[in-house]
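Residue numbers for the sequence shown follow this note's numbering, beginning at 36 and rising by one.
Since the structure comes first, as structure tokens, the remarks are kept for the end.
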Amino acid sequence: MRVLASAPAKIILFGEHSVVYGKPAIAAAIDLRTYVKAEFNENGRIRIEAKDIRTPGLTVSFTEDQIYFETDYGKAAEVLSYVREAINLVMEEAGKQKGITVSITSQIPVGAGLGSSAAVAVATIGAVSRLLGLELSKKEIAKLGHKVELLVQGASSGIDPTVSAVGGFLYYQKGSFESLPVVELPIVVGYTGSSGSTKELVAKVRKNYEEMPEIIEPILNSMGRLVEKAREVILAEYDKEIKFQLLGRLMNINHGLLDALGVSTKSLSDLVYASREAGALGAKITGAGGGGCMYALAPGKQTEVATAIKIAGGVPMITKISREGLRIEEVEE
Ligand SMILES: Nc1ncnc2c1ncn2[C@@H]1O[C@H](COP(=O)(O)OP(=O)(O)OP(=O)(O)O)[C@@H](O)[C@H]1O
Ligand SMILES: C[C@@](O)(CCO)CC(=O)[O-]
Ligand SMILES: [Mg+2]
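Here's what the structure looks like:
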């Protein structure tokens, strides 16, 4: 038997990092997906084929007639830890240990703030649970995805696996969520081309918080209030122009606060300022930061902003909200 499942990337519109401290956040699934195929194998082992992931710790040395390969197995194994934990949790849940081969292909850049870790975990849980005959709802899959992130990262709010499993546009807080009406947002995502590890960035914010709680706590509180305000604006009956202007202002404030937490980089800020100068109403980091992506809200100016991002050294992506979260694409008996 063979199952193919897919799960989408996401952008966090408001509230990354503060969401880890129990504040609310707003996120949307976007139309880039990770595909996971799961099938039984004969040798009884768990085999993972990750086709889009670079193997860290691989050293190649040459002499005139020889090539030597050395691998840091610890690092190579670590990179597959989201997939491994996802498979383990499903097998535990199903009470079955079987030989399974899992193959992954992905459209989502890794470590870029677009939730590649959550998408790979959710798609793996979806494919393997179906293969083992375990009936799980999307909410249950989101909860298992959250467990995977907690096991690998040490800390996770659960927003990424939730939005990847459920899809659409969500307001999220402490494991509960509300679906917001899907409005077509004229956004442009800008990728710096470099990556950041969510595990390390979350740990960096934690260190600042523990060493200077009197300074960091008010920043996190401000972020929480800003998200409440953004939700009100999204749900209000204002006309679009006013809505976008208010949301843009809140995005700019959110970016400044993320910078204050220490998760921006020069390349991210370069793309943020280039977008604003090209006419975006707001621009900010999306996801964990430390590299990765920013996004801009640019009604009527998406082409100009995309060009400005390119000139500033980034890769622009014009994306749409994906209403669909986890999807079982194919089941072959
Ligand atoms: N296609 C893939 N195949 C296997 N593992 C993957 C794949 N994509 C992502 N991962 C795992 O996810 C890790 C990156 O996750 P990380 O949380 O650091 O960044 P992200 O999820 O891309 O961004 P963010 O969490 O900010 O949204 C990789 O190091 C790898 O372990
Ligand atoms: C940085 C963070 O807030 C979002 C990563 O996309 C981490 C999390 O919520 O688990
Ligand atoms: Mg992640």
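Just so it is clear, CB atoms sit at the ideal spot from N, CA and C, and this is done for glycine as well.
Treat the numbers as computed from the prediction; the structure is a model and nothing was measured.
Got a sec, what are the start and stop residues for the alpha helix (DSSP H) residue i sits in?
| i | result |
| --- | --- |
| I83 | Element bounds for I83: not the alpha helix (DSSP H) but the beta strand (DSSP E), I81 to A85. |
| K178 | K173 to Q188 |
| K58 | Per DSSP, K58 belongs to no alpha helix (DSSP H) and is neither H nor E. |
Indicate, with yes or no, if ligand 2 has a heavy atom lying under 7 Å from the CB of residue i.
| i | result |
| --- | --- |
| E51 | yes |
| G360 | no |
| S191 | yes |
| A323 | yes |
Regarding residue i and ligand 3, is the C-beta to nearest heavy atom distance less than 7 Å?
| i | result |
| --- | --- |
| D195 | yes |
| A153 | yes |
| G150 | yes |
| T106 | no |
| T233 | yes |
Looking only at C-alpha atoms, which of the options sits nearest to residue i?
| i | options | result |
| --- | --- | --- |
| S302 | K275, P216, G326 and L185 | G326 |
| S199 | E84, L292, E359 and K336 | E359 |
| I222 | I102, D100, I320 and Y117 | I320 |
| T136 | Y308, M36 and V187 | M36 |
| A154 | T197, T233 and A129 | T197 |
| L293 | I47, D274, K275 and L67 | I47 |
For residue i, name the three-state secondary structure that DSSP assigns.
| i | result |
| --- | --- |
| S151 | helix |
| V237 | helix |
| M352 | strand |
| A156 | helix |
| V145 | coil |
| K345 | helix |
| Q132 | coil |
| K275 | helix |
| E359 | coil |
| E170 | coil |
| G325 | coil |
Starting from residue i, follow the beta strand (DSSP E) in both directions and report where the run begins and ends.
| i | result |
| --- | --- |
| S138 | I135 to S141 |
| M329 | C328 to L332 |
| R362 | R362 to E367 |
| L48 | R37 to F49 |
Just to check, is the beta-carbon of residue i closer than 7 Å to a non-hydrogen atom of ligand 1?
| i | result |
| --- | --- |
| A147 | yes |
| I88 | yes |
Which complete beta strand (DSSP E) runs does the region 63 to 127 hold, if anything under 3 residues is left out?
81 to 85, 93 to 97 and 102 to 106
Taking only runs that begin and end inside the region 202 to 273, name each unbroken beta strand (DSSP E) of 3 or more residues, in chain order.
204 to 208, 211 to 214 and 222 to 226
Hey, which unbroken runs of the beta strand (DSSP E) at 3 residues or more fall wholly within the region 284 to 323?
317 to 321
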